[in-house]
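Colleague: A single structure is presented below for examination.
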Amino acid sequence: MEKAAKRNSFETRIHEIDLLRGILMTLVILDHFLNILASYNLGWAGGKVAIEAGTALEPYVTIYRLASLYWDSLFRQIFRYIALGAFCFVSGISCAFSRNNWKRAGQMILFWALIFILTNILESIRISNGLDLGIRTARVDFNIIGVLAWSTLIYCFVQNKQWRWLLAITIIALAIHPIFVSLSKTSWGQNAYVPFLWEPSRTVADQADYMPLFPYLGFFFGGALLAKFTYSVNKQSYFKRYEWERPFCYIGRHSLIFYATHYIILIAIFSFVGLFI
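For the sequence shown, my numbering assigns the number 291 to the last residue and increments by one with no breaks.
Have a look at this one:
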């Protein structure tokens with residue numbers, strides 16, 4: 015019965031949405047893995063001082079350099095923007111299937127608030143005790159969870175209105191993004207703390223995994239707009255289903271759990287490995 019239920023879930027859900035979300039979440043995990051890989055191997059190699067002095071230990075310094083090539087590359091900057099935009103777009107489409115978007119928004123806002131509180135507490139403990147977690151900072155004030163949470167809440171107010179509302183919000187959210195980018199580059203912007211609009215200087219608020227509300231709110235509502243003419247009309251898949259999709263669809267169905275746990279698990283694994291190095 016349990017296997018039949020799982021198979022039925024795989025066969026009855028809009029599989030292409032779960033598939034895309036699962037692939038994107040896999041890429042997020044891989045991105046974070048390479049970041050942690052670089053950070054820990056830098057420490058195991060002896061740090062940047064050892065690298066500059068030519069006394070860094072192998073193979074850790076080589077692994078650090080290879081991982082850093084990706085992390086510091088223009089490719090990552092562009093691909094991250096595309097991947098996060100796609101994730102928000104797919105999440106906007108998903109709102110068409112939610113039985114209660116108000117409840118969904120409330121749950122995500124609580125989850126975002128929990129991340130905000132716990133990571134700030136962890137960062138405070140890390141600084142006061144001089145702990146090295148292999149990362150620059152543990153503080154996460156506003157990330158993709160915050161973006162999706164507040165985007166879903168805004169969507170709740172217009173979900174039953176005409177598609178023109180969705181189009182208007184999409185255009186406005188994308189259009190005002192350059193304004194906030196310009197403001198963030200001013201001396202006032204670098205010293206102003208407005209977590210959902212832009213990232214301030216690290217001296218004001220050093221954060222990890224930062225993501226502003228704009229332009230991603232526009233991508234979210236772009237997905238909701240597409241769903242208005244497609245999945246909201248015919249709540250069925252438009253593409254053929256294949257068996258190889260199953261693992262990605264599983265990740266996509268439980269993307270919130272994977273996002274919430276993967277970083278902690280990766281840190282724990284690398285910290286455990288570090289005990290033997």
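Using N, Cα and C, we set each Cβ at its ideal position, and we do this for glycine too.
Model, not experiment: these values are computed from the prediction.
(1) Who are the Cβ neighbours of C109 in its own chain at under 6 Å, not counting the five residues just before and after it?
(2) Ends of the alpha helix (DSSP H) at L44?
(3) Starting from W258, trace the alpha helix (DSSP H) both ways and give me its first and last residue.
(4) Kindly list the residues whose CB is nearer than 6 Å to the CB of I43, restricted to its own chain and excluding five residues on each side of it in sequence; keep chain order.
(5) Keeping to the same chain, check which residues put their C-beta closer than 8 Å to that of Y273; ignore five residues upstream and five downstream.
(6) What does the alpha-carbon distance come out to for the pair L289 and W58?
(7) Taking the alpha helix (DSSP H) that Q121 falls in, what are its first and last residues?
(8) Indicate whether I37 and F262 have their beta-carbon atoms separated by less than 8 Å.
(9) Determine the DSSP secondary structure at H276, reduced to helix, strand or coil.
(10) Helix, strand or coil: how does DSSP classify S246 here?
(11) Which first and last residues belong to the alpha helix (DSSP H) in which L162 is found?
(12) Using 8 Å as the threshold, is the region 198 to 208 in touch with the region 248 to 259, meaning 3 or more CB pairs across them?
(13) From Y95 to G232, what distance separates their C-alpha atoms?
Modeller: Well, looking at it:
(1) N115, Y169 and A238
(2) Taken as a continuous stretch (DSSP letters only), the alpha helix (DSSP H) holding L44 covers H29 to A59.
(3) Here W258 belongs to no alpha helix (DSSP H), and DSSP marks it neither H nor E.
(4) H276
(5) M39, V42, I158 and I159
(6) 11 Å
(7) N115 to N143 is the extent of the alpha helix (DSSP H) around Q121.
(8) It is a contact, given that the beta carbons lie within the stated cut-off.
(9) Helix.
(10) coil
(11) I158 to C170
(12) Below 8 Å, too few C-beta pairs join the region 198 to 208 and the region 248 to 259 to call them touching: fewer than three.
(13) 13 Å
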